[in-house]
Structures are given as C-alpha cells and as structure tokens.
Ligand code: S3P
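In this note's numbering, the protein residues as written are 4 to 196.
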C-alpha cells in the first residue's frame, strides 16, 4: 500500500473511457483494498442499467443518485473508489470526494477517448449520432472541473492499465513529498504544477 494512503481510500475521477474501473481494480488487487464503483452502486440500488435510469428518470435523477452514492461512502477506508465521469459537475460532490482520500484524475486525449468510447452504446451522455461532438464539448466543459477536484493528474493515453497503476503509485509518493513541505502546490505525475 502506498504510504500516503495510510488506510485512507483512493478516489479515481476522469472522463468516460479513462480507465477508472480497470485501473481501480488493478490497484485494489495490489494493495488488498476493496474496490467500489459509484455507477455500480447506483445500478444495484435501482436494479437498472445506467442507460435505463437515464431513459426512465432523466439525468437530474441520476445526478441525485450519484450524490447519494458518494455520500454513502463517507468515512470508508482502504478502498479504491471509481466514480462516474460526471461526478465533478456537482460542486457539492467535491468536498465528499476529497474527504475520502487523494483524488486522482485519469486523463486522456480526445482521440484516445473516442477510440475507447466512441462506439459505446451504454453511455447516455454520448450522442451516438455524433460522439465526436459530445466528447469534444464535454471534455472542454469538464477539464477545469477535473483539474479543480484532483490532487494528482495522470496521463493515460497509450498506456496499459498496469502502467497507469504504476504511475499512480509513483505519483502518490511525489504527492506525499510535496505535502510534507508546507504550501507546496499540487502536482501532476510528471512533477509539473
Ligand atoms: C457519465 C459517465 C458514466 C456514467 C453515466 C454518466 C458522465 O460513467 O456515470 O453514464 O456524465 O460522464 P463512466 O465514466 O464510468 O463511463
């Protein structure tokens, strides 16, 4: 387990297709942590798929369910938490995310994201007629929100899930060093501010 966690949890945020669930599972296995996915919590609660929840009740209902799922995780320790790509759009989610432990933003360039999710049929935020347009628009809207929410940014384009997990472990150590010196800015995995 990374020393910086000391029993706290690790939170993964990032756009659809950034690898939050796969990388989260990999890290949980390495650290012997539990793995939780907020989308899975919502699916189980309503016994419906995410597209069905959107179709039946709408996005606002889903966002409320997403907030409730996150609130239910309050105080959970030694867990890797993968979140839905839109978790950062509600400002009330930010303190909940940050209270759980370090928040890691998995990012990828637009082309990589399109390759990964462009043809996905279970992502209601992607307009199937024009996934390129939805990805470009949402990425532009959300990049500053991910940036604000995250302690650490990890670029995932061209990397395997294992390589991303390795980078997170390294990045967490840098994060610890930076936090041990007072007033240090938050950093990304490449050591940039
Ligand atoms: C969403 C992302 C999805 C899921 C829902 C909404 C979004 O999760 O929460 O379809 O608004 O970006 P993934 O990021 O795991 O695909």
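Even for Gly, the Cβ is constructed at its ideal location relative to N, Cα and C.
Beta-carbon spacing of residue i, residue j below 9 Å
i: residue 43; j: residue 108; result: no
i: residue 28; j: residue 38; result: yes
i: residue 113; j: residue 74; result: no
i: residue 89; j: residue 119; result: no
i: residue 135; j: residue 148; result: no
i: residue 168; j: residue 20; result: no
C-alpha gap between residue i and residue j, whole angstroms
i: residue 80; j: residue 102; result: 11 Å
i: residue 115; j: residue 161; result: 8 Å
i: residue 129; j: residue 178; result: 33 Å
i: residue 141; j: residue 92; result: 11 Å
i: residue 64; j: residue 48; result: 13 Å
i: residue 72; j: residue 17; result: 17 Å
i: residue 11; j: residue 157; result: 20 Å
i: residue 3; j: residue 159; result: The structure shown does not extend to residue 3, since the chain is modelled only from 4 through 196, so no value can be given for it.
i: residue 13; j: residue 176; result: 13 Å
i: residue 32; j: residue 165; result: 11 Å
beta-carbon residue i near the ligand S3P non-hydrogen atom, thresh 8 Å
i: residue 23; result: yes
i: residue 53; result: yes
i: residue 36; result: no
i: residue 1; result: Coverage of the chain is limited to positions 4 through 196, which leaves residue 1 absent and any answer about it impossible.
i: residue 197; result: Given that the chain is displayed from residue 4 to residue 196, the structure contains no residue 197 and the question cannot be resolved.
i: residue 141; result: yes
Burial state of residue i, where buried means 16 or more other Cβ atoms lie within 10 Å
i: residue 163; result: exposed
i: residue 137; result: buried
i: residue 174; result: buried
i: residue 96; result: buried
i: residue 68; result: buried
i: residue 61; result: exposed
i: residue 7; result: buried
Evaluate the contact criterion for the region 69–87 versus the region 32–43: three or more CB pairs, one atom per stretch, below 8 Å.
yes
If we count Cβ pairs, one from each stretch, closer than 8 Å, do we get three or more for the region 118–133 versus the region 51–60?
yes
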